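Novice:
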Amino acid sequence: MAGGHNFSTPSLTSLFIIFIIFFNSPSVNARFTPPDNYLIDCGSPQTTLLDDGRTFKSDPQSVSFLSSDQTIFATSNSLPENTSLPLYKTARIFEDESVYKFLVFQPGRHFLRLYFYPLRHPDYNLTTAVFTVKTNDGLVLLHDFSTDHSQFKEYLINVTSDDFSLTFSPLKKSFAFVNAIEFVSAPNELVPDSATAISPPGVFTGVSDFDLQVVHRVNVGGPTITPKNDTLSRTWTSDSHGYMMFPKGDKVVSIDTNAVNYPAGGATPLIAPDQVYSSAASMADSGVSVPNFNLTWEMNIDPGFDYLIRLHFCDIVSASLNSLYFNVYVNGLIGVSGLDLSTLTSGLAMAYYKDLVVNASTIANGVIRVQVGPSDLESTTPNAILNGLEVMKMSSSVGSLDGLFSSGSNSHGKSQRLTMTIEAIGVAIGVITLLVLILSLVRRKNKAKGWDEGGNSFTSWFLPLNASYCSSLLSSKSKSKNGYSSVLFSKVGLGKSFGFNELRDATKNFDESAVIGVGGFGKVYIGEIEEGTKLAIKRGNPRSSQGINEFQTEIELLSKLRHRHLVSLIGYCDENSEMILVYEYMANGPLRDHLYGSKTALPCLTWRQRLEISIGAARGLHYLHTGGSSHGIIHRDVKTTNILLDENLVAKVSDFGLSKTGPALDQTHVSTAVKGSFGYLDPEYFRRQQLTEKSDVYSFGVVLFEILCARPALDPSLPREQVNLAEWAMQKQRKGVIETIADPKIKKTISSESLIKYVEAAEKCLAEYGVDRPSMGDVLWNLEFAMQLQDASLQLDPPEEEDDDDTCKGKKMKMVNSESVKKIDEKKNKESDVSVLINDDSGVVMGSPLFSKMEDIEGR
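Using mature numbering (1 follows the signal peptide of the UniProt record, and there is no 0), the letters of the sequence shown map in sequence onto residues -30 to -1, 1 to 830.
This is the structure we're talking about:
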């Protein structure tokens, strides 16, 4: 046996057991005998015998299956470079719609395999052929198909009637062709009815109702398996053909095929042959400091479809039971957590497979990524394996496996729905056309009045996004000293109207040295107006649709919000095709810059300052969730770069470009595409695409640990188990040693009581499920409590002076053990020694120098 296993000479008893297992286990040669077995070599003048023993009848022998009496054939002695299969030497050509019809002796799942290769023909250029292939129940297999190279298409069709037909329909003035056809019964056990759904997680039932197309079938860790060595005449491609994304981390292991066993009621050689289960990819020493990485395979697929993914496993690497635990991920989502093959199969070298269903919405860029990695990071030998992999496209709701359209009768009952969809699209196009005409008239009218001099107005950017303002724009406009401005801003209360020249002068012609931030919308500049007031000026990029959406969101939200701990919108500029928003300037910039990073000249924040900043940010988020609107507002991008500090280090939450209005009273969540920043992203939101305010709570939990530890949420340069701050901190917290990863500059100044309460708040924020996380109000309460405990410790136990140059300015606290802290905590709660006051502080601060110098600021 290969793969690093050493075996002693077996005893007679062991040999007897192996003998019994061998002769009672299914053999690799136990091929399936299909009740329906139609093999046609199209265009061939004679029978074709393949090296796997299968016989394909010649086209004249099969003509009784064909509705057309056409006799156009193509023949060639040359073959595609990637195959020596003789089936590609001939083809049948169809000038008109033609149908192959087969009698079905046993309804159920059938393999349908189609071979295409554009052979040379004196009268027909097969590379220009365009045609559609569909079944008698309306399932579209190929839509407007054409090819300039050899292609093999394999399907698993659920046949329910006593006949099956295959229709080739050429495009007008074109033709169709096919080189060979297989229509063969498949064993019923091949496609079970249920699988594990990934997003949203759960059980997916009704798999057997779907028709499937086999897109990829991969033998992981082994060579290509030809139909000759497969129980169902399948081909398994080696994963060395471009699938493995991290070959340095891949260690191939294998055993003799006779050593593969099959558990009762589980996998069989019909699910996959012995050759698949007898080889695997496992984790090798990749050269990283800690070998806890993921093995990764990527496969290109057609977007817009759900996919059934079958994973094949056989533990051929373990020396004992229950020593291999690993996770399976698909497109970054957890597919199987803590997979223990020996528990599932009650033995080693036992075949096992797992079916997963991937929703089309979780597939980006036409790629499915499968990963396996160790789940037990404490193991001395972390490992993960994969033996085989199949990716199958599931038929769409309109009965198609290629494109979105089907025709003819449809057993899935989707033709009416398709018609309604097309009608809806037509109505939508009509509405859009009408809006475009209205907007054209408006702009023509405005330009005639001098409104559009120099380019489009700011509001023209938003009309397609918020058509509710159309009537206002058509009926009125407001005049400013700089010309005409849209009523959009006066209506929503955006404040002061700035002239473009005024902002250009304030930023010294938008000098690059004045840039203090860059985003999808454009750049943010620091500017100073004549009165000496500094502003943050966000200049939009009209070519960025993402920026337009973010601006729209910020306008709608910030026009309604006023809070001490939210960055305030001061005004706007609507001239010269510009889209500019003006905010209060936050002198001390992002919180992140004060914790770590390149700006080392910034003074270190003390523990008390960090507590005050945490409390301020929590107040701002609490206001968003509860007082920002009738349904609340979810920020959706809480992180240390979006928490800004003013000249007094008062924290204010900023950047509302991704924010969403919370769910209605009768709803629990908002269904939306996943957006946010990695490292802070709520895993439940990522998995289920269901957004709640608890997603902000999770992100804020990461921020709290970032404040305590003074390191990024994600740091790929660190060993694997330390890369993700949330996971690393939670691991240390469970071990009771969280203080070991606290920022050394403040560690000695934190009271144990305050640290425990603070970490408790952060830990609760990072609960796996949103329902188990506290509200932002509860988080705020705990942070206030941590502050009071810190202050109380200063009074109850005066600290020593701290002279360490590497420590932030503060007092050195005496650290006590956790049990003592719990007793102190209980005593203080019981005797009310410490008064915890929660100040919502949601009032509008209008007395600041910034606001006192601004005109037309409407308080809320």
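Glycine included, every Cβ here is placed at the ideal spot set by N, Cα and C.
This one's a predicted model, so the numbers in the text were calculated from it and none came from an experiment.
Alpha carbons only, please: which of K324, Q692, G627 and K508 is nearest the one belonging to residue 831?
Specialist: Within the shown structure, residues of the chain are numbered from -30 to 830, placing residue 831 beyond reach of any answer.
Novice: Below 7 Å between beta carbons: does that hold for N357 and Y247?
Specialist: yes
Novice: What is the rounded straight-line gap between the Cα of E582 and the Cα of I496?
Specialist: 26 Å
Novice: Measure the beta-carbon distance from T166 to G305 and round it to whole angstroms, keeping in mind my assumption that it falls under 8 Å.
Specialist: About 7 Å separates the beta carbons of T166 and G305, which is inside the 8 Å limit, making them a contact pair.
Novice: For the beta strand (DSSP E) containing W267, name the first residue and the last one.
Specialist: L265 to N270
Novice: For L565 versus G671, is the C-beta distance shorter than 7 Å?
Specialist: Cβ atoms of L565 and G671: not closer than 7 Å.
Novice: Please work out which residues of its chain come closer than 8 Å, Cβ to Cβ, to A696, disregarding the five sequence neighbours upstream and downstream, and give them in chain order.
Specialist: Around A696: G649, G671, V672, F675, A683 and L736.
Novice: Run through the DSSP bridge pairs and tell me what T130 is partnered with.
Specialist: The partner list for T130 (beta bridge, DSSP) is empty, contrary to what the question assumes.
Novice: Report the CB separation of H211 from A242 in whole angstroms; it is logged as a contact under 8 Å.
Specialist: Wrong, their Cβ atoms sit about 18 Å apart, outside the cutoff.
Novice: What are the start and end residues of the beta strand (DSSP E) that includes Y85?
Specialist: Taken as a continuous stretch (DSSP letters only), the beta strand (DSSP E) holding Y85 covers G78 to F86.
Novice: In its own chain, which residues sit with a C-beta less than 7 Å from the C-beta of P197, not counting the 5 before and 5 after it?
Specialist: D22, S203, R204 and T205
Novice: Under a Cβ-count criterion, where at least 16 other Cβ atoms within 10 Å of its own Cβ denotes burial, should H595 be classed as buried or exposed?
Specialist: buried
Novice: Bridge partners for W206 per DSSP, in chain order?
Specialist: I195
Novice: Within the continuous alpha helix (DSSP H) that includes P344, where are the two ends?
Specialist: Looking at the DSSP string, P344 is not in any alpha helix (DSSP H); the run it does join, the beta strand (DSSP E), is V337 to P344.
Novice: On the CB-based measure, 16 or more other CB atoms within 10 Å of its CB, does N(-7) come out buried or exposed?
Specialist: Unreliable positioning characterises N(-7) in this predicted model, as indicated by a pLDDT of 39, which lies under 50. The coordinate reading is nonetheless provided below. Its Cβ having fewer than 16 others within 10 Å, N(-7) is exposed.
Novice: Give me the DSSP bridge partner(s) of T25.
Specialist: In DSSP, T25 forms a bridge with L19.
Novice: If you check the beta carbons only, do V154 and V74 fall under 7 Å apart?
Specialist: no
Novice: Should V223 go down as buried or exposed, given a rule of 16 or more other Cβ atoms within 10 Å for buried?
Specialist: buried
Novice: By Cβ distance below 6 Å, which residues in the same chain neighbour S438 in space, the five residues on each side in sequence not counted?
Specialist: Annotation note: pLDDT 29 at S438 (below 50); position unreliable, coordinate value reported separately. Nothing meets the Cβ criterion.
Novice: According to DSSP, which residues form a beta bridge with A150?
Specialist: D11 and Y85
Novice: At which residues does the alpha helix (DSSP H) containing D285 begin and terminate?
Specialist: Careful: D285 lies outside any alpha helix (DSSP H) and carries neither H nor E.
Novice: With a 10 Å radius around its C-beta and 16 neighbouring C-beta atoms as the bar for buried, classify E617 as buried or exposed.
Specialist: Per the 10 Å Cβ criterion, exposed.
Novice: Cα separation between D114 and R658?
Specialist: 35 Å
Novice: Under three-state DSSP, which class holds residue 905?
Specialist: A question about residue 905 goes unanswered here, because the residues of the chain that appear run from -30 up to 830.
Novice: What residues in its chain sit with their C-beta under 6 Å from that of I711, if we drop five residues either side in the sequence?
Specialist: C679 and K702
Novice: H186 and V361 look like a contact to me (Cβ under 8 Å); what is the Cβ gap, rounded to whole Å?
Specialist: Yes, they are in contact, since the Cβ atoms of H186 and V361 sit about 4 Å apart, within 8 Å.
Novice: When you compare the CB positions of H592 and M746, do they come within less than 7 Å of one another, or not?
Specialist: yes
Novice: Compute the beta-carbon to beta-carbon distance between D276 and N329, rounded to the nearest angstrom, for a pair I have assumed lies under 8 Å.
Specialist: Rounded, the Cβ-Cβ distance is 6 Å, consistent with contact.
Novice: With DSSP run on the structure shown, which of helix, strand or coil describes V188?
Specialist: strand
Novice: I want to see whether chain D comes within less than 7 Å of D276, judged by CB atoms only; does it?
Specialist: You won't find chain D in this structure, because it holds only one protein chain.
Novice: Tell me, please, whether the segment 131 to 144 touches the segment 98 to 111 by the rule of three or more beta-carbon pairs shorter than 8 Å.
Specialist: Enough Cβ pairs lie closer than 8 Å, so yes.
Novice: Is L9 closer than 7 Å to E152 when the C-beta atoms are compared?
Specialist: yes
Novice: Buried or exposed: Q765, going by 16 or more other Cβ atoms within 10 Å of its Cβ?
Specialist: exposed
Novice: Helix or strand or just coil, what does DSSP make of N297?
Specialist: Per DSSP, reduced to three states, the secondary structure at N297 is strand.
Novice: Can you give me the start and stop residues for the beta strand (DSSP E) that T97 sits inside?
Specialist: Careful: T97 lies outside any beta strand (DSSP E) and carries neither H nor E.
Novice: Count the other CB atoms, across all protein chains shown, that sit within 10 Å of the CB of K727; report buried if there are 16 or more and exposed otherwise.
Specialist: With 16 or more other Cβ atoms within 10 Å, it is buried.
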